[in-house]
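Undergrad: Mapping of the sequence shown onto numbering that gives the first Met the number 0: position 398 corresponds to residue 397, and the numbering continues sequentially without gaps. Ideal Cβ placement from N, Cα and C applies to all residues, glycine included. Since the model is a prediction, treat every value here as computed from it, not as a measurement.
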Amino acid sequence: MNKRFYLETFGCQMNVVDSERIVDLLQQIGYRQVETPEEAGLILLNTCSVRDKAERKVYGHLGRFKPLKDENPSLILGVGGCVAQQEGENLLKKLRYLDIVFGTHNVHKLPEMVQKVEQNRTRCRETEFLDRETRLQLFPKRTEGEAVTRFVTVMQGCDNFCSYCIVPHVRGREVSRPSAEILDEVRHLAGTGVREITLIGQNVNSYGHKEGGEISFAELLARVNAVEGIERIRFTTSHPKDLSDELIDAFGYLEKLCRHLHLPVQCGSDRLLREMNRGYGREQYLRKVTRLKGICPDIRLTSDIIVGFPGETEEDFEQTMELMAQVRYADVFSFLYSARPGTAAADLPDETPAAVKQQRFDRLLSLQEEISRDTWAADIGKVLPVLVEGESKQGKGQIFGRTTWNRIVNFEGDSSMIGKVVPVRITKSFRNSQLGSIQEPGARSR
Ligand code: SAH
Ligand code: SF4
Ligand code: F3S
């Protein structure tokens, strides 16, 4: 039997963490990961359904694997993640060559499912949502470091039901993990050489609001801040309505907390924010931004914005553009609205022509490009502390790391610097990264 597996991951950090668990579980039943689907006996896709395009991509990939299955009927093909959760049995019906469908709460069942297919070629599906207790027991745990930076999951699920969003439907209700377990994991990772921790969750700053987490998110950050060996802390994704004053204040006194916050606004119009069920208004959002900048003047913010939500008028869109110009985000991830099955917004009339939406999208992109360019170009000449993560893809003798603002910097150096924070003078700024040169310790930093 061919015990080699090929795994492809789409979507957000939640899927990245789930995929690491998949690798771990498959290794436990004797599988070894390979780089190309052609050499594998088991092919798995961990999927995302946040937008239609993401979902279509999955079908595209599966189509690519079909000829492999035609050639080799013993090949096992499986789909997990958010598309699997959303489509369930339909996937098995639509794609006769598919063997396994496992949902977002069922990663732990994968070994059993693979063995079932190996033994009797029965196609199987596990897409049940689990109860809170079971989910808490099954929280993905990180035991291996072997890297400078690591994600640690602190909560799962989302209860917000933004009207356009599929996530609450495919990930289930919010659960927070006990803080003692999170801190044990962080301490363990620090011991293996991890220097930067990113606390993750679909709605990370609602940590502790629901059953499970017994302390506030700001308190959790303070405890992670106290772990020896950890030099930097980040967290994502935050919901503006759950950004408490206590959490904002943490940017003023937690010295390990990076001065970057991803705080998706989605849109700048009060009317649309209500339609989106975001739970905050424009002014409330802007007040939080002002407070953040007051506490931590050089904090950089990034955001997600949806263009073309049903009923978006020119005026609504102008308000989004104004808000962007006012906040001056360092980067924005913008998306054209995509109707998702089963969400509230999918039933709203949407009469704006696609061409108009596209024009708005292009205008937004060009405004943001200008702001991003100016923001990152302002770093040229500065000496910034960079946590070195590894060897750079740019070529021999180059290493890379990130600044507190989460920007990748490539520079000349050697692998002995990996895991260390070094002073780097920024010399050039590109669209997604910067170039620098290492400074002798003690060089003037500003
Ligand atoms: N939990 C995070 C991430 C959600 S998904 C959060 O709340 O911010 C990432 C981004 O995808 C969202 O912020 C939103 O901008 C975008 N998105 C979600 N559903 C979408 C849809 N139906 N159409 C277009 N963009 C969408
Ligand atoms: Fe989706 Fe809103 Fe939850 Fe984010 S907060 S995952 S956008 S429902
Ligand atoms: Fe996509 Fe699921 Fe994440 S829909 S964004 S992979 S939670």
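With DSSP run on the structure shown, which of helix, strand or coil describes R443?
TA: Unreliable placement is indicated for R443, whose pLDDT of 46 sits below 50; the coordinate value is still reported in the next sentence. It is coil, neither helix nor strand.
Undergrad: Can you look up R430 in the DSSP assignment and give me helix, strand or coil?
TA: Reduced to three states, the DSSP call for R430 is coil.
Undergrad: Classify I28: buried if its beta carbon has 16 or more other beta carbons within 10 angstroms, exposed otherwise.
TA: Looking at its Cβ environment, which holds fewer than 16 other Cβ atoms inside 10 Å, I28 is exposed.
Undergrad: Could you name each continuous alpha helix (DSSP H) segment of 4 residues or more that falls completely within the segment 74-110, going from the start of the chain to the end?
TA: Here the runs fully enclosed are 80-86, 88-93.
Undergrad: Quick one: is the Cβ of I47 within less than 6 Å of any heavy atom of the ligand F3S?
TA: For the sequence presented, residue 47 should be read as Cys rather than Ile. Flag set: Cβ of C47 near the ligand F3S.
Undergrad: Look at V203 and S243 and say whether their C-beta atoms are less than 7 Å apart.
TA: No, Cβ-Cβ distance for V203 and S243 is not below 7 Å.
Undergrad: Could you pull the start and end residues of the alpha helix (DSSP H) that Y252 belongs to?
TA: Taken as a continuous stretch (DSSP letters only), the alpha helix (DSSP H) holding Y252 covers 244-252.
Undergrad: Let me check you understand the geometry: is the CB of S337 closer than 6 Å to at least one non-hydrogen atom of the ligand SAH?
TA: The answer is yes for S337.
Undergrad: Short of 6 Å in beta carbon distance, which residues of its chain neighbour H168, apart from the five on each side in sequence? Order them along the chain.
TA: Same-chain partners within the cutoff: G341.
Undergrad: Quick check on the DSSP output: what are the complete alpha helix (DSSP H) runs of length 4 or more inside the segment 173-244, in order along the chain?
TA: The segment 173-244 contains these whole alpha helix (DSSP H) runs: 178-190, 216-224.
Undergrad: Which residues mark the beginning and the end of the beta strand (DSSP E) in which E411 is found?
TA: Note, E411: beta strand (DSSP E), 407-411.
Undergrad: With distance defined between alpha-carbon atoms, name the residue in A338, L44, L363, N119 nearest to G102.
TA: Among A338, L44, L363, N119, the Cα nearest to that of G102 belongs to L44.
Undergrad: Consult DSSP for L285 and reduce its assignment to one of helix, strand or coil.
TA: In the structure shown, L285 sits in a helix (DSSP, three-state: H, G or I).
Undergrad: Roughly how many angstroms separate the alpha carbons of V15 and T8, rounded to a whole number?
TA: In a straight line, the C-alpha of V15 is about 7 Å away from that of T8.
Undergrad: Pick out the complete beta strand (DSSP E) segments inside the segment 283-318, 3 residues or longer, and give them in chain order.
TA: Listed in chain order, they are 299-306.
Undergrad: Could you have a look at V15 and say whether DSSP puts it in helix, strand or coil?
TA: It is helical.
Undergrad: Assign M154 to one of two classes, buried (16 or more other C-beta atoms within 10 Å of its C-beta) or exposed (fewer than that).
TA: When all chains shown are included, M154 counts as buried.
Undergrad: Can you list, in chain order, the residues of its chain with a C-beta nearer than 8 Å to that of R3? Leave out the 5 residues immediately preceding and following it.
TA: So the qualifying residues of the chain are Y30, R31, Q32, V33, E38, A39, G40, L41.
Undergrad: Give me the Cβ distance between G192 and G418, rounded to the nearest whole Å; I'm assuming they're in contact under 8 Å.
TA: Indeed they touch by this definition, with Cβ atoms about 6 Å apart.
Undergrad: Please classify F308 as buried or exposed, where buried requires at least 16 neighbouring CB atoms within 10 angstroms.
TA: By the 10 Å Cβ count, F308 comes out buried.
Undergrad: Does the distance between the C-beta of D303 and the nearest non-hydrogen atom of the ligand SAH fall short of 6 Å?
TA: At least one heavy atom of the ligand SAH is nearer than 6 Å to the Cβ of D303, so yes.
Undergrad: To the nearest angstrom, how far is the alpha carbon of T35 from that of R63?
TA: Each residue's Cα considered, the two are about 12 Å apart.
Undergrad: Here's a check: name, in chain order, each residue in its chain whose Cβ is nearer than 8 Å to the Cβ of N409, leaving out the five neighbours to either side.
TA: S391, Q393, Q397, I398, F399, S432, Q433, L434, G435.
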